[in-house]
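Q:
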Amino acid sequence: MTEPQVTPPVEEGPGETVASRFAFYQRAGGILTPLVTTVFAFFIGGLVVLLITHKNPFSTYKAIFNGTGLNWFFPWISHAERVNAAYNLQSTLLLTTPLILTGLAVAFAFRAGLFNIGGQGQYAAGSIVGVWVASSLTGLPGLLHIVLGIVLGALAGGALAGIAGFLRATVGAHEVITTIMLNWIVFWLAGWLFGQQGPLQTSRERSLTQSNDIAQNTHLHVFWGNPILQGLHVGFFIALAMLVVYWVILNRTTLGYEVRAVGFNPEAARYAGIDVRRIYFLSMAISGTFAGLAGVIDVLGWKFVLSVDDIQGQAGAGAVGFLGIAVALLGRNSAVGIFFSALLFGALLNGTSDRHLDPTVFPPTLAENLTLLIQGLVLLFIGADILVIYLWRARRRIVPGKLRSSST
Amino acid sequence: MSTYAEPVRVAASRLTQPRGVGIAGIFLGTLAAWLALPPLNSRTVLWPIFVGILAVAAGIWSVSRGAGRVGWGAVAAGILGIALGSLATRSSVSQLDTVVVWSALLASTLRYATPLTFAAIGGLFSERSGVVNIGLEGMMLMGSFFGIWGADKTDSWALGVVIAIVSGMMLALVHAVFTISLRADQIVIGTAINFLALGITGYLFTDIYGARGIPPNVPEIPDISIGWLKDAYFIGPIFGNLNLMIWLSFVLLILSHIVLFKMPIGLRLRAVGEHPRAADTVGISVYATRYLAVLASGGLAALGGAYLTLGFIHNFDQNITGGRGFIALAALIFGKWRPFGAFAAALLFGFSSALGDRLPSYFTAGSSVPQLFNILPYALTLIAVAGVIGRSIPPAAIGRPYVKQ
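Sequence order for the protein chains is A and B. Sequential numbering of the first sequence, starting at 5, is according to my numbering. Sequential numbering of the second sequence, starting at 3, is according to my numbering.
1) Curious, which full-length alpha helix (DSSP H) runs of at least 4 residues does the region 206 to 270 of chain B contain?
2) Taking the alpha-carbon positions, what's the residue 104 of chain A to residue 217 of chain A distance?
3) In chain E, which residues lie with their C-beta within 7 Å of the C-beta of residue 288 of chain A?
4) I'd like to know if residue 376 of chain B contacts chain A, where contact means its C-beta is closer than 7 Å to some C-beta of that chain.
5) Would DSSP call residue 226 of chain A helix, strand or coil?
6) Figure out for me which residue from B/125, B/27 and B/223 has the closest Cα to the Cα of residue 310 of chain B.
7) Contact criterion: CB-CB distance below 7 Å. Does residue 111 of chain B meet it with respect to chain A?
8) Taking the CB atoms as reference points, tell me whether residue 238 of chain A and residue 223 of chain A lie closer together than 7 Å.
9) For residue 211 of chain B, which residues in chain A fall below 8 Å Cβ to Cβ?
10) Closer than 7 Å between beta carbons: that is the criterion. Which residues of the region 125 to 150 of chain A meet it against chain B?
11) Would you mind working out which of B/29, B/54, B/27 and B/21 sits nearest residue 375 of chain B, comparing C-alpha positions?
12) Could you tell me how far apart the beta carbons of residue 109 of chain A and residue 126 of chain A are, in whole angstroms, since I believe they sit closer than 8 Å?
13) Could you name the residues of the region 275 to 307 of chain B whose beta carbon sits closer than 7 Å to any beta carbon of chain A, in the order they occur along the chain?
14) So which residues of chain B does residue 421 of chain A contact, with C-beta pairs closer than 7 Å?
15) Is residue 215 of chain A helix, strand or coil when you go by DSSP?
16) Taking Cβ-Cβ distances below 8 Å as the criterion, which residues of the region 160 to 177 of chain A are in contact with chain B?
17) Going along the region 116 to 134 of chain B in order, which residues come within less than 7 Å of chain A, judged by CB to CB distance?
18) List, in chain order, every chain A residue whose beta-carbon is nearer than 9 Å to that of residue 332 of chain B.
19) Using a Cβ-Cβ distance under 7 Å, would residue 94 of chain B count as near chain A?
20) For residue 126 of chain B, which of B/283, B/263 and B/355 has the nearest alpha-carbon?
21) Where does residue 177 of chain B fall in DSSP's three states?
22) Using a 10 Å radius around the Cβ and a threshold of 16 neighbouring Cβ atoms, would you call residue 97 of chain B buried or exposed?
23) Taking residue 154 of chain B as the query, report the chain A residues whose CB atoms sit under 7 Å from its CB, ordered along the chain.
24) Could you pull the start and end residues of the alpha helix (DSSP H) that residue 310 of chain B belongs to?
25) Since residue 161 of chain B and residue 170 of chain B are thought to touch, with beta carbons under 8 Å apart, how far apart are those beta carbons, to the nearest angstrom?
26) Cβ closer than 7 Å: which chain A residues qualify as neighbours of residue 205 of chain B?
27) Buried or exposed for residue 265 of chain B, please, with buried defined as at least 16 other CB atoms from any protein chain shown within 10 angstroms of its CB.
28) Is there contact here, the region 347 to 365 of chain A with the region 60 to 70 of chain A, by at least three beta-carbon pairs under 8 Å?
29) Whose Cβ in chain B lies nearer than 9 Å to the Cβ of residue 326 of chain A?
30) Provide the residue(s) that pair with residue 237 of chain A in DSSP beta bridges, ordered along the chain.
31) Is the CB of residue 97 of chain B under 7 Å away from at least one CB in chain A?
32) Name, in chain order, the residues that DSSP records as bridge partners for residue 110 of chain B.
33) Tell me which residues share the same chain as residue 357 of chain B and place their Cβ nearer than 6 Å to its Cβ, disregarding the 5 neighbours each side in the sequence.
34) Terminal residues of the continuous alpha helix (DSSP H) containing residue 83 of chain A?
35) On the DSSP bridge assignment, give the partners of residue 64 of chain B in chain order.
36) Within 7 Å (strictly less), CB to CB, does residue 373 of chain B reach chain A?
Given below as structure tokens:
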């Protein structure tokens, strides 16, 4: 390279993967970019509130914040406030639990350079199998029944994503397309399974398009709060444990090393003797297992029953599985980052739900859509890394392509 | 390579040629007709239709992969197979009744296929220029809300359609700025676009219309009634009274084929999608081409959305597109990134939606089995991208941001 200013062609490097690009941004931006991105997205969301509804954005955000229950951590609030905040916080953490898992699902595939956009389908597959196991086989003892449901549900998600991984590994079909198709296949399959006269439809009422209720002894134990008001169940700890598992697999095992190597540069990994096709299949399967786990934990933890509307209504972009993409990207695919971004999105979802947002401050039906807007903005900004591209390049005079060309 | 494996390999490669698939399609079409006859005597209409659809799919497949004559033969065989098979299964009903049912079904197929056609052709432009458009769904949703909102506010469906197109293009502009200029990942941004569209339309819909919903007197896109065709046997009920937008989709289809494959600008577009560096070298502006293509895709997807609310459903609800943008994406891929292929796939997928909508009357009341027909588009596309047989191979430079040297 004679001229230092020349930008290496991005589209010609063999090591050009999404994972390597994000890894660069991660090193370049550190913890600052996700924070600034979030603040920026909230700022624009606040502008929307101000311009369209003429409400005070600060009081709106404050009401949303109080709805999340995060003020429970403040030492100065009164006892009555604390009781209410505890209840709100339990709901927030209930939503955070699946978000951690779907975030891990997206992140794990990301680390292998794959884009698992089918988290929602894998979540649905996990919950379908979970509800089927937990509502049938009623003779089993509680703990065994729960473990069986969780394992089978997680495997269902893994199997679904495994199909996409297998197709990528063998015939090179792009995982984005295959996972989208698999998503919709699952959504419509659920319509048949739980629909009228479907094989898994409830035996209680013929016009109800839903599953049977899961057995009473398969409900996950509520360790904080009132089980009737749905306090926080032990699935939260499963999600936390999975964060550790994720970190250990990636950083302390051969498999994780190979996954990261393939993610950075599949060609180089192949030269190094790594079976890239095996890694593609395995990382998709593991990724789907996380998402399936999210589905089954939600069913055993607080849903207890699945309806067709529940699954097909979730087909839109606003659902847990799709949010996993935002969680993973904002969390920069790291275990700690995923925890905090899942908490952020869980809080946002919960704080704007009609059960928790003060309707006199801001109408919750509008706020739910505001959440979608903020999610979209976060994705937009984090996906583009505007801040990194401009600020960092201005400071160091480097471009993203440079790093890649030297590493290949 | 061992010697005795050679003939097997040759036979397999013959079978996996588009021609082989087409011939298999013709067989399937014949099978569909035969299913209802002795000795099989299928008494439900489901099997002939199912096998017939597979035959049509095989036909479209081989047509869009170069084996025109055999492919169209398979399509025809499939359609005939469905018609004959279902005629035979419903022999107790008078024939006139069946004709009415079928022409209604085909008209309904066109109605379901049209939004898909618009969005798929939109996606075609974007993807042919090398920009993945997962955001089709969102752009369609924008069009469907702003179309009906514009028609309500201006009291004119034409202005509503224009506003819809503009709204779709605005969202597409966001996609273009982020993916082309800022070189962000196209799939992440596409996902963000879907979130944004859901948020924007949901927010405005709740804010403006709230619980009252869309007023009933919003002007609608008119149907074109063709007097001399209306009373024609069988064809009349299908084409005699179609919506304006359906005719427009036919025009668009032919236009886009001409633009993409017969005009210099189409060649430039495809060059940018296949090898941007080479296109840049000969003086084609990669950025400008991609911007135009993405904007066109947003406008067209929004047009499909506007048809959905103004010409088809006549109402709006949050997330009304319900995955149609993704079906359009599937049609685009199944049709191998070609206008007529995408249109044929949209027709096929529209047919399966129409069946899912109308078939329940054939089953015991309220059965959920027809839901399975909705799986067909996705399953077929999955096979198309995965299959060793005439695989769908995207434009070479798709998904990669371009950096000008």
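Think of the CB as a built atom: it goes at the ideal place given N, C-alpha and C, for glycine as much as any other residue.
A: So, from the data block:
1) 229 to 232, 237 to 241 and 246 to 264
2) 26 Å
3) Absent here is chain E; the protein component of the structure consists of chains A and B.
4) Interface residue (Cβ-Cβ distance to chain A less than 7 Å): residue 376 of chain B is classified as such.
5) strand
6) B/223
7) no
8) no
9) Within 8 Å Cβ-Cβ: nothing; residue 211 of chain B doesn't reach chain A, min ~11 Å.
10) none
11) B/54
12) 7 Å
13) Cβ contacts with chain A come from 278 and 279.
14) Nothing can be reported for residue 421 of chain A, as the shown portion of chain A is limited to 5 through 412.
15) coil
16) 171, 175 and 177
17) none
18) 181, 184, 185 and 188
19) Per-residue confidence for residue 94 of chain B stands at a pLDDT of 45, beneath the threshold of 50, marking its modelled position as unreliable; the derived number appears in the next sentence. Chain A contact via Cβ: absent.
20) B/263
21) helix
22) With a pLDDT of only 48 at residue 97 of chain B, under 50, the local geometry of the prediction cannot be trusted, and the value read off the model is given with reservation. So residue 97 of chain B counts as exposed.
23) Near residue 154 of chain B there are no residues of chain A at all, since even the closest Cβ is about 18 Å away, more than 7 Å.
24) Where residue 310 of chain B is concerned, there is no enclosing alpha helix (DSSP H), given that its DSSP letter is neither H nor E.
25) Between residue 170 of chain B and residue 161 of chain B the Cβ distance is about 15 Å, and since that is not below 8 Å, they are no contact.
26) 370, 373, 374 and 377
27) Burial call: exposed.
28) yes
29) Taking a Cβ-Cβ threshold of 9 Å, the residues of chain B close to residue 326 of chain A are 193, 196 and 197, in chain order.
30) DSSP output for residue 237 of chain A lists A/226 as bridge partner(s).
31) Confidence at residue 97 of chain B is low in this model, with a pLDDT of 48, below 50, so its placement is unreliable and no value can be given for it.
32) BP columns for residue 110 of chain B are empty, so no partner.
33) The beta carbon of residue 357 of chain B sits closer than 6 Å to those of 375, all from its chain and outside the five residues before and after it, given in chain order.
34) Note, residue 83 of chain A: alpha helix (DSSP H), 83 to 115.
35) The partner list for residue 64 of chain B (beta bridge, DSSP) is empty, contrary to what the question assumes.
36) yes
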